[in-house]
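Visitor:
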Amino acid sequence: MSGSIIDPRLANARAAPKRGMQLSWSDPVFRNIIWQTLIVGLIAGVIWYLAANTVRNLEVRHIATGLGFLSNTAGIPIAETLIPYDPATSTWGRAIAEGILNTLKVALVGIVLSTILGTLIGIGRLSKNWLVAKLTAVYVEVLRDLPLLLQLLFWYSLLQGLPGPRDFRGSTSIVFLTSRGLRLPLLNWEDAHSWALVVFVVGLIGTFLWNRAANKKQDATGTKPAVWPVALGLLIVLPVLVWAAMGAPWTLDVPVLKGFNMVGGGTITPEYFALLFGLVLYTASYIAEIVRSGIQAVPKGQWEAAGALGLHPFAVLRLVVLPQALRVIIPPMTSQFLNLTKNSSLAVAIGFQDVVSVSGTMLNQTGQAIEGVAIIMLTFLAFSLSISLFMNWYNARIALVER
Amino acid sequence: MATEAPAIVLDKVNKWYGAMHVLRDVTMNVAQKERVVVCGPSGSGKSTMIRCINRLETHQEGKIIVDGTELTDDLRALDTIRREVGMVFQSFNLFPHLTILENCTLAPISVRKMPKAEAEELAMDFLRKVKIPEQAKKFPGQLSGGQQQRVAIARALCMKPKIMLFDEPTSALDPEMIKEVLDTMVGLAESGMTMVCVTHEMGFARMVADRVVFMDRGEIVEQGTPTAMFETPQTDRLKLFLSQILRGH
Ligand SMILES: Nc1ncnc2c1ncn2[C@@H]1O[C@H](COP(=O)(O)OP(=O)(O)OP(=O)(O)O)[C@@H](O)[C@H]1O
Ligand SMILES: [Mg+2]
Chain A
1 MSGSIIDPRL ANARAAPKRG MQLSWSDPVF RNIIWQTLIV GLIAGVIWYL AANTVRNLEV
61 RHIATGLGFL SNTAGIPIAE TLIPYDPATS TWGRAIAEGI LNTLKVALVG IVLSTILGTL
121 IGIGRLSKNW LVAKLTAVYV EVLRDLPLLL QLLFWYSLLQ GLPGPRDFRG STSIVFLTSR
181 GLRLPLLNWE DAHSWALVVF VVGLIGTFLW NRAANKKQDA TGTKPAVWPV ALGLLIVLPV
241 LVWAAMGAPW TLDVPVLKGF NMVGGGTITP EYFALLFGLV LYTASYIAEI VRSGIQAVPK
301 GQWEAAGALG LHPFAVLRLV VLPQALRVII PPMTSQFLNL TKNSSLAVAI GFQDVVSVSG
361 TMLNQTGQAI EGVAIIMLTF LAFSLSISLF MNWYNARIAL VER
Chain B
1001 MATEAPAIVL DKVNKWYGAM HVLRDVTMNV AQKERVVVCG PSGSGKSTMI RCINRLETHQ
1061 EGKIIVDGTE LTDDLRALDT IRREVGMVFQ SFNLFPHLTI LENCTLAPIS VRKMPKAEAE
1121 ELAMDFLRKV KIPEQAKKFP GQLSGGQQQR VAIARALCMK PKIMLFDEPT SALDPEMIKE
1181 VLDTMVGLAE SGMTMVCVTH EMGFARMVAD RVVFMDRGEI VEQGTPTAMF ETPQTDRLKL
1241 FLSQILRGH
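One line per chain: the protein sequences are A and B, in this order. Numbering follows the numbering used here, with no gaps: position 298 of the first sequence is 298. In short: position in the second sequence from 1, add 1000, done, that's the numbering used here.
(1) Which residues, taken in chain order from the segment 215–226 of chain A, show a beta carbon closer than 7 Å to some beta carbon of chain B?
(2) Do Lys-1162/B and Ala-1007/B have their beta-carbon atoms positioned less than 8 Å apart in this structure?
(3) For Gly-294/A, decide whether its Cβ has a neighbour in chain B, counting only Cβ atoms nearer than 8 Å.
(4) Would you say Glu-1231/B touches ligand 2, meaning its beta carbon is less than 7 Å from a heavy atom?
(5) Are three or more beta carbon pairs between the segment 1043–1057 of chain B and the segment 1075–1093 of chain B nearer than 8 Å?
(6) Assuming Ala-325/A contacts Ile-287/A (C-beta within less than 8 Å), just tell me the rounded distance between them.
(7) Out of Val-1208/B, Lys-1239/B, Gly-1068/B, state which residue places its alpha-carbon closest to the alpha-carbon of Thr-1225/B.
(8) For Ile-5/A, count the other beta carbons within 10 Å of its own beta carbon; 16 or more makes it buried, fewer makes it exposed. Which is it?
(9) Is the Cβ of Met-1/A closer than 8 Å to any Cβ of chain B?
(10) In three-state DSSP terms, what is Trp-25/A?
(11) Should Arg-1150/B be flagged as near chain A, meaning a C-beta pair shorter than 8 Å?
(12) Between the segment 125–143 of chain A and the segment 350–369 of chain A, do at least 3 Cβ pairs fall closer than 8 Å?
(13) Measuring only from the beta carbon, is Thr-1199/B closer than 7 Å to any heavy atom that is part of ligand 1?
(14) I need the DSSP call for Val-1213/B, collapsed to helix, strand or coil.
(15) The beta strand (DSSP E) spanning Asn-395/A covers which residue range?
(16) Please classify Ser-2/A as buried or exposed, where buried requires at least 16 neighbouring CB atoms within 10 angstroms.
(17) Here's the rule I'm using: 16 or more other beta-carbon atoms within 10 Å means buried, otherwise exposed. How should Ser-1243/B be labelled?
(18) Does the segment 259–273 of chain A touch the segment 153–169 of chain A, meaning 3 or more C-beta pairs lie closer than 8 Å?
(19) Does DSSP put His-1021/B in a helix, in a strand, or in coil?
(20) Select from Leu-276/A, Val-328/A, Glu-289/A the residue whose C-alpha is nearest the C-alpha of Gly-351/A.
(21) Can you check DSSP and say which residues form a bridge with Arg-1035/B?
(22) Can you determine whether any heavy atom of ligand 1 sits closer than 7 Å to the C-beta of Glu-1168/B, and answer yes or no?
(23) At the level of alpha carbons, what is the spacing between Met-1193/B and Pro-1175/B?
(24) Can you name the residues of chain A whose CB is closer than 9 Å to the CB of Pro-1115/B?
(25) If you measure from the CB of Glu-1047/B, is any heavy atom of ligand 2 nearer than 7 Å?
(26) Have a look at Glu-1059/B and Gly-1018/B and give me their C-alpha separation to the nearest angstrom.
(27) Cβ of Gln-151/A less than 8 Å from any chain B Cβ?
(28) Tell me the DSSP secondary structure of Lys-977/B in three-state form.
(29) At 3 residues or longer, what runs of the beta strand (DSSP E) sit wholly inside the segment 33–118 of chain A?
(30) Alpha carbon to alpha carbon, how far is His-1097/B from Phe-176/A? Give it in angstroms, no decimals.
(31) Run down chain A in chain order and give the residues with a C-beta less than 7 Å from the C-beta of Ala-1107/B.
(32) According to a CB-to-CB cut-off of less than 7 Å, which residues of the segment 319–332 of chain A neighbour chain B?
(33) Based on DSSP bridge pairs, tell me the residues matched to Glu-1010/B.
(34) Output yes if chain B places a C-beta closer than 8 Å to the C-beta of Glu-98/A; else output no.
(35) Would you mind reading off the limits of the alpha helix (DSSP H) that contains Glu-1222/B?
(36) Under 8 Å: do the segment 166–174 of chain A and the segment 219–236 of chain A share three or more Cβ pairs, one atom per stretch?
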């Protein structure tokens, strides 16, 4: 792609004529420059006005700007923490980090679950089974039409209506769904588990490599060696053997009722549960429509042509329909992922401490309004840009070269 | 007549779309290596009949036997038939996300479990036969309609079918491209392929057809050699149809 190599076919091509700019309103270049100068000037003026105004207000109220407050003790309780947090000693910086992690926890899990659920429902809407098609259609219509905030409050109040921990006195169950959340037994983590996990990850890489080798073999001989026995061996049998060889430790931290509350095990709080559940059900209804329309966008003739060549329906879906449908599906899917992430800020309404909620508390208690809002904005900007970048990368990877 | 079993047997086939009776007691045998042209007015059930032969549509009554295998709900029978019957559509239906070569190798690789190199060699052979080997690396959208239809023919041939079905393969094409596709089909006919072809190209029918079948309102009204059918039509419906066709040309 060097500019110095002249294509012989272009031998008698000539450069486009150069146009000079005239200082006249009838010249489009001149006109554009004037407009752009005016707009940039206007924006700069507004920003300058806002900044000056803010600085003066902050001075009047004796509020120091800057991020120094982040190392002050927060002193607020946070119900759900992913990193160690102590209300008495932890700083605002750490409190906000908890908030960011909580947002991340909702957004990531929510995106994965709503994609799975949405895809299933979208395919269900195309089902030839009357009941499946109708039920999924009703699902989409109902969940899409009700405001998300209403849905979140509904799920949250539904969870609040569950029996309290005390009502489980004498129960021999090890899983408890109470008004204080879902309590699950946890595995007491030991070295044997870590090693089994390491072997599993190595097995994952091994399976991937085997699959590649199998594809090569298929190109060469026509038949693809089975992948599943290798996967089974590397991903399940081997890790289990390692775990067994190390004494097969298996003890559970089971939740038990102590006094008025449960102790032990792990908890999923009703706030997180309601937020995740509401977001997933709501977003899945949109994703279902995207998946359905994406598959329907592939003409019926593609199914017929592939079927007439002897491909089975599943192979048609995998080799012919999905590659075409995905190009239609991915851009709107990206928007839904972004929507889910941003909608997670409705957490405030049901008391889940995401980044908006924690920053809001911080803002009230310290008066650092600009910093608080900036933190929220930067968090969502960073999340959104990451999602967009990832999806654009994926889209480019599967994009059609030509059509 | 051939002593072998017929390639295709349709015995009193009936089909309805809802309340509409679109195939009425259609009975027809196609011998091995026979070339049958099907014609008739729009909506007469030509596509429906030909699509029943490889079970893109299902019939409700009667019997269809293709190369000794009866078409039923049995999936294995379906597999057998789909491998032995190739189909070419009016709208080409090439896979737009795959190159010409990949369009041709997809089914041999994934259905016939053929090594990739062998499938590509086979595909290039057929692309040479339809006279577009130089387009192998392009995508369907970069080809003219006539070229796309020739690729579609090559794609079907790569499965080495015993029978080829054509549903108006030239009616979506500009006049100057019709000839190149018809030439390809004539070549195929000369190679001894069993063919059932829905078309209104009378010149093609005269040149290659052993028999012309005329359908109207879901029934086979009249059949015979091209000469007999076009020069001494017996029924009023065929006479009317021929007069309309000729006026159209
Ligand atoms: N999927 C379908 N559902 C309902 N009716 C159909 C369907 N496909 C075809 N028909 C009807 O069945 C009848 C026969 O259609 P068919 O496509 O077989 O006609 P054709 O002879 O191929 O006509 P043309 O020359 O226009 O292609 C028509 O009346 C048509 O409207
Ligand atoms: Mg038709």
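Cβ coordinates follow ideal geometry from the N, Cα and C atoms, glycine included.
Guide: Working from what's here:
(1) Asp-219, Ala-220, Thr-221, Gly-222, Thr-223
(2) yes
(3) no
(4) no
(5) yes
(6) In fact, because the Cβ distance is near 13 Å, the residues do not count as touching under 8 Å.
(7) Val-1208/B
(8) Since pLDDT at Ile-5/A reaches only 49, below the 50 mark, its modelled position is unreliable, and the value read off the structure follows with that caveat. Classification for Ile-5/A: exposed.
(9) Because Met-1/A sits at a pLDDT of 42, beneath the cut-off of 50, its placement in the model cannot be relied upon, and the point is left open.
(10) coil
(11) no
(12) no
(13) no
(14) strand
(15) It is not in any beta strand (DSSP E) - Asn-395/A instead sits in the alpha helix (DSSP H) that spans 369–398.
(16) With a pLDDT of 43 at Ser-2/A, under the threshold of 50, the modelled position of that residue is not reliable, and no figure is offered here.
(17) exposed
(18) yes
(19) strand
(20) Leu-276/A
(21) Met-1195/B
(22) yes
(23) 25 Å
(24) Gln-218, Asp-219, Ala-220, Thr-221, Gly-222, Thr-223
(25) Contrary to the premise, residue 1047/B reads as Ser rather than Glu in this sequence. Yes, Cβ of Ser-1047/B sits closer than 7 Å to a heavy atom of ligand 2.
(26) It should be noted that the sequence gives His, not Glu, for residue 1059/B. Answer to the nearest angstrom: the Cα atoms are 12 Å apart.
(27) no
(28) Look at the range of chain B in this structure, 1001 to 1249, and you will see that residue 977/B is not part of it.
(29) none
(30) 51 Å
(31) Leu-309, Gly-310, Leu-311
(32) Leu-319, Val-320, Pro-323, Gln-324
(33) Reading the sequence as shown, one finds Leu at residue 1010/B and not Glu. DSSP, once it has assigned bridges, lists Met-1028/B, Ile-1064/B as partnering Leu-1010/B.
(34) no
(35) Premise fails: Glu-1222/B lies in the beta strand (DSSP E), 1219–1224, not in any alpha helix (DSSP H).
(36) no
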